[in-house]
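Listed below in structure tokens is the structure:
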């Protein structure tokens with residue numbers, strides 16, 4: 201029995217991302233199972249979570265997944281609290297009629313999921329009446345920094361095309377373990393998903409998808425190095441896996457090889473800037489996100505003194 205049909209309003213959006221707009225609490229594992237079992241279809245055909253939708257595609261649900269829709273009294277409120285509203289306003293780097301640039305803190309998820317009640321997508325849902333903020337890319341929960349949200353379907357499509365054609369340049373700052381031998385270089389190491397000790401992780405593999413990262417040393421001492429990272433592709437956990445692969449895991453990244461450190465508990469990875477062409481003249485513009493968490497780059501003083 202057909203339970204629900206949704207029509208996609210933009211091109212080049214992943215199936216799982218589109219589904220979560222309407223079912224924010226849909227666990228990824230259950231979503232994958234529903235797609236494999238053909239309980240969720242695209243244009244009446246079987247689909248994968250990472251398939252890309254086109255505008256006007258029909259996503260049909262053959263089961264009732266209402267339990268994964270936003271429950272107002274448990275996950276979000278229809279009126280933002282003064283605290284949350286001030287939180288958003290304080291972290292907006294730029295906003296016009298087309299898009300918003302937000303400085304996401306570490307620890308705040310971008311989208312909802314199992315057990316996640318507070319997230320960027322939910323906060324912006326009720327930020328301004330009559331405006332739908334659309335995520336155009338993602339950051340890991342523990343990564344801080346620049347996050348772009350489109351305010352119209354047309355702008356969301358514009359950013360989707362920029363990412364697809366690699367016309368958006370992103371720059372990250374990271375503190376890594378070890379003293380990097382080469383001051384700059386390029387990591388070209390394909391990535392794929394794998395199960396390690398019952399935990400899903402990304403690994404370097406010859407049969408993986410293309411993944412390329414440029415890196416440059418900014419400062420170092422005998423134990424740690426501050427690096428600038430520029431991903432040329434956008435694979436899941438790309439920067440984290442690439443630095444581990446190079447032999448210099450990111451401080452606080454216990455999933456990908458970092459040694460335990462009670463004092464440096466968070467992932468020391470910050471999306472520092474984003475650059476892209478915009479406007480009638482397609483002039484390149486850049487937005488930078490200051491590091492707001494004290495524990496993030498106290499390391500510059502604490503660890504990188506000669």
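Numbering (this note's numbering), first residue to last: 201 to 506.
Every residue gets a Cβ at the ideal spot worked out from N, C-alpha and C, and that includes glycine.
State buried or exposed for residue i, treating a residue as buried only when at least 16 other CB atoms are found within 10 Å of its CB.
i           : result
residue 266 : exposed
residue 279 : exposed
residue 508 : Because the chain in this structure spans residues 201 to 506, residue 508 falls outside the shown range and cannot be described.
residue 510 : Given a span of 201 to 506 for the chain in the structure shown, any question on residue 510 remains unanswerable.
residue 237 : exposed
residue 481 : exposed
residue 379 : exposed
residue 255 : exposed
residue 359 : buried
residue 205 : exposed
residue 322 : buried
residue 223 : buried
residue 208 : buried
residue 351 : buried
residue 264 : exposed
residue 348 : buried
residue 420 : buried
Which residue's Cα is closest to the Cα of residue i: the options?
i           : options            : result
residue 363 : 377, 203, 211, 204 : 211
residue 428 : 262, 468, 315, 341 : 468
residue 315 : 348, 268, 286, 259 : 268
residue 354 : 433, 333, 454      : 333
residue 342 : 477, 335, 320      : 320
residue 398 : 455, 367, 227      : 455
residue 250 : 425, 220, 384, 478 : 220
residue 490 : 242, 292, 447      : 292
residue 356 : 344, 405, 337      : 337
From the DSSP output, read off the bridge partner residues of residue i.
i           : result
residue 431 : 413
residue 371 : 473
residue 376 : 425, 450
residue 242 : 245, 259
residue 386 : 414
residue 264 : Its beta-bridge partners do not exist; DSSP assigns none.
residue 404 : 391
residue 252 : 214
residue 478 : 483
residue 419 : 426
When the Cα atoms are used, what is the spatial distance from residue i to residue j?
i           : j           : result
residue 305 : residue 346 : 9 Å
residue 377 : residue 218 : 37 Å
residue 409 : residue 324 : 32 Å
residue 373 : residue 472 : 6 Å
residue 299 : residue 422 : 43 Å
residue 415 : residue 402 : 19 Å
residue 274 : residue 388 : With a pLDDT of only 40 at residue 274, under the threshold of 50, the placement of this residue in the model should not be trusted; the figure read from the coordinates follows. Rounded to the nearest angstrom, the two C-alpha atoms are 44 Å apart.
residue 371 : residue 450 : 15 Å
residue 259 : residue 335 : 19 Å
residue 317 : residue 459 : 30 Å
residue 203 : residue 283 : 37 Å
residue 477 : residue 368 : 8 Å
residue 470 : residue 301 : 15 Å
Let me see if you follow: with CB-CB separation under 8 Å, is residue i close to chain B or not?
i           : result
residue 443 : Absence of chain B from the displayed structure is noted, only one protein chain being present.
Given 7 Å as the limit, tell me if residue i has its C-beta closer than that to any heavy atom belonging to the ligand ZN.
i           : result
residue 471 : Annotation note on the ligand ZN: not contained in the displayed structure, which lists no ligands.
4 or more residues per run - each alpha helix (DSSP H) lying fully within the segment 298-336: Whole alpha helix (DSSP H) segments, 4+ residues: 320-325.
Continuous alpha helix (DSSP H) assignments of at least 4 residues falling wholly in the segment 208-242: Runs of the alpha helix (DSSP H) lying entirely within the segment 208-242, each at least 4 residues long, are 215-222, 228-236 in chain order.
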